[in-house]
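Protein chains in written order, with my numbering: chain V, 1 to 402; chain H, 403 to 804.
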């Protein structure tokens, strides 16, 4: 998993045609205008857009309001989500699977998106959740030392746990700790079904890539099958899997879905998000090695304030006069995009959009709203994380029945 | 490991030039005359021949007579064997590593060669031994179901244990059971150092091969490093490894030796055998699916007698007159070759060679000797195997300190 690592994107799916767009688990690069064309991506990957009717059905079957990420089109694409809802309505079990590639000490806000959404799904459906930390992937791609990758996996687990997961329904594992037994056997079963030609086509691997990279997609695929977790599901194959992730992970699960029937497994379903933009805007990259590109979960209130005020790309007018007359260009405005991700209050959000877009509200005022929301969110995260001791991590990572 | 699976070979290294000889872990095919040119192989692989001086040195440092397989050039090539002897003389630890790919229920005599020799090495040097059962390899190459491969691994373990290994110094593991933890971490470390281009060059893998095959060489390489076995060697990297195997396995360990220094490991040493010929002779193949191609460890005395009498290729004259005048052609005679492998008595062996080669002894007489020796050997094996209960297998396969 590398989701939310990089981003050069608009948060709203756009119909504009672009060229040379590249989206795979290691690259997110927009077309000629720097934007990701999400419609094109959906068509290219062969997944489906989430319709308002599907969102309404989720609310109906769960009896709970849809998460803002769903209502606002941040999680915008899916595969077989209706089948998961059918299954839930019939009282049949399913489980959630998501993950993270632990390449940095501190997560940024983009990293939290899938976990915040997964927590909503876990609460709404009351189902088991498995979270994979692909420390092996980071060793293979980023050249991290094995023990450093394992350490980062545990550190990142603390930030993930701080999102509020239920220890009685959540199993977190790192590949370097948990690969083996039934997991390894499923990895080999999957690897037997996939050729070098296929991973070249799906992931762009070349003859110069390490055999570890070439083998890895099976490691990310295997948790889609319930018998990878005998302590949770025994040898059962009839339990469906729903994977919340950023859409850059789709290639892994396209491969998994191709292989599943050959192994007697159900195809995993997916619910996929767009990318979280960097502070610099749609063509920027969020990177753990560039502190000014993103808000990190360990930032101080002062740092958040400085970063938003100094670096958050504004769509407001160049002068007060211009702003008052033309209004802000919301489609490139990062403070506005961040509010769309994190402001709970739909009414207030709509009002800000209207006022800011019309030039009656100023960039500084919108930034002040963003700073307030992010500071509050980061401080709550830091408080929650401070309570995640090593013993708590051990509890989430223990191989135990749930 | 696939060693001794196939054979189309002369048991003595020959200097004759051949063309299109192919030897890798899955193919053993002689040149134009059907014979393996072992000198060419040694040159091509870059290993060394075992000199009489080296055999003498082994006898000197162990204080024990060399095994007939050494004296008779059956184990004929090596890498860094002198370094292992240096190390032994200095009282520094080393360990033995060998293995088998469990693709068939019953082993044939060729399969026993590396284990008989490994037992001699274990006894002579009094060192720990790890034995890998590559059930994953057989799933990937032979299309065996995972659980069937695991079952065969345990069945084969019984035949291996029946060779007389010391449970206090021998750890037997199957990949499907033991891959994980430190083993998996070493697999990934190795996979990171090897590209698709390299495995194409070493093993001939192509774009149509499964990513499981492409990944597998690292699984066979990892046990060459002591920290793959934390229950035996902790995190130590300064313990040398000596690998007895058939020379078709050399490509795996050439790759391993290339990678070792990059991971801070010592290069494993090797001691390598020629191939055990099929009953049909040098261009035949021993195969578990062709019962008449080999003597199996579960053959009855009658079956052994029938197979040797009916199928063992004879280098004797076509008629009694021709045989008496020209003698037997020992270089193609399978009964003679089998005696070279399994007759303990050097003096008697030499006498038979002289008399048979001169035409004074008849094929029937030599076959009678072979039948006696093989029947005795197989019956002793069957008796020993009958005492290998599941509890004994569990004891050898238990992850425990030794």
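C-beta atoms are modelled at their ideal positions from N, C-alpha and C, and glycine is treated no differently.
Residue i CB to nearest chain V CB: under 8 Å?
| i | result |
| --- | --- |
| residue 800 of chain H | no |
| residue 654 of chain H | no |
| residue 604 of chain H | no |
| residue 609 of chain H | yes |
| residue 532 of chain H | no |
| residue 662 of chain H | no |
| residue 505 of chain H | no |
| residue 417 of chain H | Residue placement at residue 417 of chain H cannot be trusted, given a pLDDT of 39 that sits under 50; the coordinates are not used to answer. |
| residue 593 of chain H | yes |
For chain H, check one thing: does any of its Cβ atoms lie closer than 8 Å to the Cβ of residue i?
| i | result |
| --- | --- |
| residue 338 of chain V | no |
| residue 59 of chain V | no |
| residue 140 of chain V | yes |
| residue 215 of chain V | yes |
Give me the Cα-Cα distance between residue i and residue j, rounded to the nearest whole angstrom.
| i | j | result |
| --- | --- | --- |
| residue 405 of chain H | residue 146 of chain V | Because residue 405 of chain H carries a pLDDT of 44, less than 50, the predicted location of this residue cannot be relied on, and the following value inherits that uncertainty. Near 32 Å, if we compare the C-alpha coordinates of residue 146 of chain V and residue 405 of chain H. |
| residue 256 of chain V | residue 671 of chain H | 40 Å |
| residue 667 of chain H | residue 514 of chain H | 30 Å |
| residue 693 of chain H | residue 554 of chain H | 18 Å |
| residue 322 of chain V | residue 360 of chain V | 11 Å |
| residue 589 of chain H | residue 399 of chain V | 22 Å |
| residue 327 of chain V | residue 62 of chain V | 40 Å |
| residue 81 of chain V | residue 566 of chain H | 58 Å |
| residue 46 of chain V | residue 477 of chain H | 57 Å |
| residue 688 of chain H | residue 520 of chain H | 22 Å |
| residue 507 of chain H | residue 563 of chain H | 15 Å |
| residue 43 of chain V | residue 77 of chain V | 11 Å |
| residue 101 of chain V | residue 638 of chain H | 29 Å |
| residue 546 of chain H | residue 540 of chain H | 6 Å |
| residue 379 of chain V | residue 386 of chain V | 11 Å |
| residue 223 of chain V | residue 582 of chain H | 15 Å |
| residue 126 of chain V | residue 354 of chain V | 37 Å |
| residue 645 of chain H | residue 210 of chain V | 25 Å |
| residue 536 of chain H | residue 332 of chain V | 56 Å |
Under 7 Å Cβ-Cβ, which residues of chain H neighbour residue i?
| i | result |
| --- | --- |
| residue 136 of chain V | 590 |
| residue 99 of chain V | None at all; the shortest Cβ gap to chain H is about 17 Å. |
| residue 212 of chain V | 590, 593, 594 |
Find the residues of chain V that neighbour residue i, judging by a C-beta separation of less than 8 Å, and give them in chain order.
| i | result |
| --- | --- |
| residue 622 of chain H | Per Cβ cutoff of 8 Å: no residues; residue 622 of chain H is ~12 Å from chain V at best. |
| residue 548 of chain H | 185, 188, 189 |
For a contact meaning CB atoms closer than 8 Å, what does residue i contact in chain H?
| i | result |
| --- | --- |
| residue 197 of chain V | 609, 610 |
For a contact defined as C-beta to C-beta under 9 Å, what are the partners of residue i on chain V?
| i | result |
| --- | --- |
| residue 666 of chain H | The premise fails here: residue 666 of chain H is roughly 11 Å from chain V at the closest Cβ pair, so nothing lies under 9 Å. |
Report yes if the C-beta of residue i is less than 7 Å from at least one heavy atom of the ligand ADP; otherwise report no.
| i | result |
| --- | --- |
| residue 795 of chain H | The ligand ADP is not among the ligands present in this structure, which contains no ligands whatsoever. |
- [ ] Say whether the region 637–653 of chain H touches the region 590–598 of chain H, bearing in mind that this needs 3 or more beta-carbon pairs closer than 8 Å, one atom from each stretch.
- [x] no
Task: Near-chain V residues of the region 558–587 of chain H - C-beta to any C-beta below 9 Å - done: Flagged, chain order: 577, 578, 579, 580, 581, 582, 583, 585, 586, 587.
Task: At least 3 beta-carbon pairs within less than 8 Å: the region 121–138 of chain V vs the region 156–172 of chain V - done: yes
Open item on the list: Any contact between the region 741–753 of chain H and the region 770–787 of chain H? By contact I mean 3 or more CB pairs, one from each, below 8 Å.
Closed with: yes
TODO: Determine, using beta-carbon pairs with one atom in the region 597–617 of chain H and one in the region 631–638 of chain H, whether at least three such pairs fall under 8 Å.
DONE: They do not touch, by the three-pair rule.
- [ ] Determine, using beta-carbon pairs with one atom in the region 608–622 of chain H and one in the region 467–477 of chain H, whether at least three such pairs fall under 8 Å.
- [x] no
Task: Inter-stretch contact (C-beta, 8 Å, three-pair minimum) for the region 669–683 of chain H and the region 713–724 of chain H - done: yes
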